[in-house]
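In our numbering, the protein residues as written are 164 to 669.
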């Protein structure tokens, strides 16, 4: 019984798929047949399969806690679907091997299909209708059909992998911060924030923002190390790692195939000083979805190192900033130092409710007061009240905040100056002694502006690709990310545009 279970394990089936891939590639190179698909196409499929297997721990022993077998021990339906797809790939590879070896003919599938032609009205077909059309039919032989079967099965495995990740939700960011051995010093990032935003020279916000960047570095390294542990058992028969990339492949999804990570002494920070970083990274960008995913195929996220799939740039960016928990409270005191938010709305709702809102006492009309002051007033003048009662009184006296002063942006003075110039294009000065009027913006616009500042700081947590990466031809964006394969150093060079990307902070 034990042997039967072992033979049916995801691990064994995955190992068999890989062996079949490698045997086929070796045979195709030896035979040198003029048969399409080429070895490069098979290698590309192997790379995609290897990415899936390593990311989910499919190669681990079934008894290992990191193995996909162990994680799906109670999810029999999902496990059965995975095994079914692995069997499909193995069978297709074996059939393809028979064709390459000459054992089976490479049949033309277009002529082997049973096409009913008796019911076609020949008189309705006009020869002239086809004279201006390209009637060339691309060959569709059995080998091509088998490649499509393999590709579809691997794509299905990726989709199942995404479901497996989503079915086991956990706060990986919190787990990463609990791993004290991965902690990064915040001093470099604090200096970077100070240099990038002179308005934040000192105070708790400076330390909070710099510390937030350091925590994001810790999260990225935690995810990277976990991914490497999942793929650690991916070895060949003699205990040597298998490298499927024996030829150059055009697959963008395989850009992030895990390789051995060279630990560098300054893994926590870049080699540059904070001032140099500020000058060269003034406008940081996430990688484009098109550079990560070929034709919207599933790919390994270079931040959380899990299999993901997105249809739009916007959905990819939302995921990336959620991974990084890109938003911090910019108003609160030390009680907010440990709060990181994964989306704009949750972060700004916190600021509005806990710090920026103004309240009038619903019992006596005293106010307006800030959140702390109104709580103290109600408890002192009218209390005591329970927490639930106090919250009801606060909600009843809360004033709707619709506008915020532009100068209240904690990051910059430029925004207010730019808005003032727009409202006063001629630059007319006020009368002597006349106070300068404040520029107000909607809460939605204020949220968007401050969020862009915070997203820039979050991107700085991503290890930076060196300028030497991507000095080839003009389309060097992919080259900028290629360094991410093992070390995940992948921030794009700031000189490149982000098509349809981030809104400016104005």
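Idealized CB from N, CA, C, for every residue including glycine.
Cβ neighbour criterion (16 or more within 10 Å) applied to residue i
i: residue 172; result: buried
i: residue 222; result: buried
i: residue 213; result: buried
i: residue 359; result: buried
i: residue 366; result: exposed
i: residue 497; result: exposed
i: residue 469; result: buried
i: residue 458; result: exposed
i: residue 364; result: exposed
i: residue 334; result: exposed
i: residue 616; result: buried
i: residue 324; result: buried
i: residue 228; result: exposed
i: residue 585; result: exposed
i: residue 513; result: buried
i: residue 527; result: exposed
i: residue 266; result: exposed
i: residue 569; result: buried
Among the options, nearest to residue i - alpha-carbon criterion
i: residue 112; options: 393, 392, 497, 340; result: This structure does not reach residue 112, given that the chain is present from 164 up to 669, and the question cannot be answered.
i: residue 488; options: 614, 354, 361, 317; result: 614
i: residue 583; options: 239, 602, 566, 311; result: 602
i: residue 562; options: 578, 520, 262; result: 520
i: residue 495; options: 482, 486, 511; result: 511
i: residue 304; options: 259, 482, 535; result: 259
i: residue 272; options: 540, 253, 239, 308; result: 308
i: residue 606; options: 478, 565, 571; result: 565
i: residue 380; options: 364, 342, 391, 362; result: 342
i: residue 571; options: 518, 174, 201; result: 518
i: residue 269; options: 321, 231, 200, 327; result: 200
i: residue 240; options: 176, 326, 177, 475; result: 326
i: residue 338; options: 386, 306, 375, 357; result: 386
i: residue 390; options: 237, 219, 545, 541; result: 219
i: residue 491; options: 177, 230, 618, 540; result: 618
i: residue 247; options: 175, 541, 371, 499; result: 175
i: residue 224; options: 393, 451, 549; result: 393
i: residue 609; options: 625, 534, 578, 352; result: 578
Whole-Å CB distance - residue i paired with residue j, under 8 Å assumed
i: residue 310; j: residue 460; result: Not really, about 15 Å apart at Cβ, beyond 8 Å.
i: residue 211; j: residue 317; result: 5 Å
i: residue 523; j: residue 560; result: 5 Å
i: residue 449; j: residue 480; result: 6 Å
i: residue 190; j: residue 263; result: 5 Å
i: residue 362; j: residue 574; result: 6 Å
i: residue 525; j: residue 553; result: With a Cβ gap of about 11 Å, residue 525 and residue 553 do not count as contacting.
i: residue 192; j: residue 202; result: 6 Å
i: residue 320; j: residue 256; result: Going by Cβ atoms, the distance from residue 320 to residue 256 rounds to 14 Å, so no, they are not a contact pair.
i: residue 369; j: residue 357; result: 6 Å
i: residue 249; j: residue 177; result: 6 Å
i: residue 466; j: residue 483; result: 6 Å
i: residue 537; j: residue 530; result: 7 Å
i: residue 314; j: residue 395; result: Actually they do not touch by this definition, with Cβ atoms about 27 Å apart.
Residue i (DSSP reduced to helix, strand or coil)
i: residue 541; result: helix
i: residue 249; result: helix
i: residue 310; result: helix
i: residue 463; result: strand
i: residue 264; result: coil
i: residue 176; result: helix
i: residue 549; result: coil
i: residue 567; result: strand
i: residue 470; result: strand
i: residue 447; result: coil
i: residue 476; result: helix
i: residue 506; result: coil
i: residue 171; result: coil
i: residue 270; result: coil
i: residue 605; result: strand
i: residue 187; result: helix
i: residue 500; result: coil
i: residue 558; result: helix
i: residue 229; result: coil
i: residue 181; result: helix
i: residue 625; result: coil
i: residue 755; result: Only positions 164 to 669 of the chain appear in this structure, which leaves residue 755 out of reach.
i: residue 334; result: coil
i: residue 532; result: strand
CB contact check: residue i to chain D, cutoff 8 Å
i: residue 612; result: This model lacks chain D altogether, as it is built from one protein chain only.
Along the chain, which unbroken stretches of the alpha helix (DSSP H) at least 4 residues long are found entirely within the segment 361-403? 367-393
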